[in-house]
Structure formats: C-alpha cells, structure tokens
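Counting along the sequence shown from 1, when you hit position 147 you're at 146 in numbering that gives the first Met the number 0, and nothing is skipped either side. To start, the structure under review is shown below, and the notes come after it.
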Amino acid sequence: MLKKIALTAVVLLAILAIVIATRPAEYRVSRSQSIDAPASGVYAQVADFHRWKAWSPWEKLDPSMQTEYAGEAGTPEASYAWKGNDKVGEGRMTIIDARPGQLIAIKLEFIKPFASVATTRFDFTPQGGTTQVTWTMDGHNDFAGKAFSLVMDMDKMVGGDFERGLSQLKTVAEAEAVKSAQAPAPSSR
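Structure representation (structure tokens):
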C-alpha cells in the first residue's frame with residue numbers, strides 16, 4: 000500500500016513538473032494611456048526618477064520607504080533603489096536607454112520578496128496635442144517563475160498597477176502642461 004502511495008506521488012509530481020516546464024518562458028504586461036500633454040513633458044515625468052513620487056503606483060504603498068538615487072536624471076545608468084515594506088519589497092531600476100520624447104527603457108531588478116530581473120519600457124507617441132504612453136514590462140520565467148504562473152497571472156498582478164500609475168501620470172503631466180501654458184512668456188528686454 001505504501002508503495003502505491005509513493006508511486007502515485009511520484010507520478011503526480013512528474014505530471015506537475017511537465018505542466019510547469021510547458022508554461023511560457025517569457026511574460027509581457029502592457030498598458031496604454033492617452034495624455035493631453037506634449038511628449039516632451041510626459042517624458043520628463045518618467046525620465047527623472049525623483050518625479051516618480053508624484054505618480055508611481057507603488058510610492059503610496061509605503062510612505063516610509065527608503066530610496067536612493069544615483070546618476071544624472073534621464074540618462075543611461077541613472078538609477079533608483081528602494082527598500083520598503085512587504086507591499087513594495089526591495090529593488091533597483093536603472094535606465095538602459097533614453098531617447099527624449101520617444102522612449103525610456105529600464106532594467107528592473109527585484110531583490111525582495113523574490114529575486115527577479117525584468118525590462119520595463121515607456122513609449123511616447125505624439126498624436127496631435129496628446130501623447131499615447133505605453134508602459135510595458137517583459138521578463139523571463141525560470142522554472143520557479145513558471146510554477147508561480149500556475150497560480151498568479153503577471154498581467155493581472157501588475158496590469159492594475161500600470162493602469163493606476165498611468166492614470167496618476169496623466170493627472171500630473173496634464174496639470175504640468177496647463178501650468179506651463181499659463182506661465183507668462185519670458186520678457187525680451
């Protein structure tokens with residue numbers, strides 16, 4: 000009887016391992032938002048990690064989160080490290096590509112609650128007086144990531160955060176655009 004139970008357990012574990020191994024090796028989460036502001040203004044909000052406090056969906060989850068900035072804002076190698084509660088964890092973002100008004104690509108390194116590396120990208124597409132912003136995250140699923148994907152969908156887990164962040168980015172960038180439009184022109188004297 001014990002042999003049958005052990006054999007059944009081994010067969011079930013083998014089936015589970017096969018199912019996990021056949022899960023996608025890559026994941027992608029992407030959301031878009033139309034923002035009534037010029038691409039240069041929206042880009043400026045994303046390119047400078049100091050400005051993320053105003054719109055990032057994670058900043059408000061831990062008001063006492065420790066942050067550290069390095070490098071020149073908006074340039075490759077500029078980075079932002081954070082360490083916070085269980086809701087935000089610990090990690091680092093480093094700009095790997097910056098094309099003003101067009102795109103920002105960021106290497107995202109998670110340390111806690113689990114180690115992981117992903118690439119996130121913001122694309123800015125001018126459309127008349129508005130800007131279409133697309134926020135995308137791509138990552139690789141190792142065996143543990145594939146197992147995790149059986150119970151947790153990255154699109155559902157992160158997609159809502161991207162939607163909240165883009166909505167907050169819209170509010171901040173549009174307010175900044177209105178403020179800039181209302182500013183008096185510099186005197187030519």
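Glycine included, C-beta positions come from ideal geometry on N, C-alpha and C.
Residue closest to residue i, alpha-carbon to alpha-carbon, out of the options
{"i": "glutamine 222", "options": "Gly73, Pro56, Glu89", "result": "For residue 222 there is no data in the structure shown, the boundaries of the chain being 0 and 188."}
{"i": "aspartate 160", "options": "Val28, Ala174, Ile105", "result": "Val28"}
{"i": "alanine 172", "options": "Val157, Ala8, Ala46", "result": "Ala46"}
{"i": "lysine 82", "options": "Lys111, Met151, Ala69, Ser115", "result": "Lys111"}
{"i": "leucine 107", "options": "Glu76, Asp152, Ile4, Lys2", "result": "Glu76"}
{"i": "tryptophan 134", "options": "Ala24, Ala5, Ile14, Tyr42", "result": "Tyr42"}
{"i": "proline 126", "options": "Asp35, Ala24, Ile14, Lys3", "result": "For clarity, residue 126 is glutamine in the given sequence; the question names proline instead. That would be Asp35, whose Cα lies nearest to the Cα of glutamine 126."}
{"i": "methionine 156", "options": "Lys86, Ser78, Gly70, Val9", "result": "Lys86"}
{"i": "arginine 98", "options": "Ala114, Thr124, Met92, Ala176", "result": "Thr124"}
Residues bridged to residue i [DSSP beta-bridge criterion]
{"i": "valine 116", "result": "Glu108"}
{"i": "histidine 139", "result": "Glu25"}
{"i": "lysine 82", "result": "Gln65, Glu89"}
{"i": "isoleucine 94", "result": "Ile105"}
{"i": "tryptophan 134", "result": "Arg30, Phe121"}
{"i": "threonine 129", "result": "Gln126"}
Delimiting residues of the alpha helix (DSSP H) encompassing residue i
{"i": "leucine 168", "result": "153-181"}
{"i": "serine 39", "result": "38-46"}
The ligand ADP heavy atom lying under 7 Å from the CB of residue i
{"i": "valine 41", "result": "Among the ligands in the structure shown, none appear at all, so the ligand ADP cannot be discussed."}
Spatial neighbours of residue i in its chain, beta-carbon cut-off 8 Å, leaving aside the 5 residues before and after
{"i": "serine 179", "result": "Gly40"}
{"i": "threonine 170", "result": "Trp54"}
Close beta carbons around residue i, own chain, < 6 Å, minus the five adjacent residues each side
{"i": "serine 33", "result": "Thr129, Gln131"}
{"i": "aspartate 96", "result": "Ala104"}
{"i": "glutamine 167", "result": "Trp54"}
Cβ-based neighbour list, residue i, same chain, cut-off 7 Å, excluding 5 preceding and 5 following
{"i": "methionine 153", "result": "Tyr26, Val28"}
{"i": "arginine 163", "result": "Pro56"}
Proximity test, Cβ basis, 8 Å: residue i and chain D
{"i": "methionine 64", "result": "Of the protein chains in this structure there is only one, and it is not chain D."}
> Hey, is the segment 110-120 in contact with the segment 47-66, meaning 3+ C-beta pairs nearer than 8 Å?
Replying inline: No, they do not touch.
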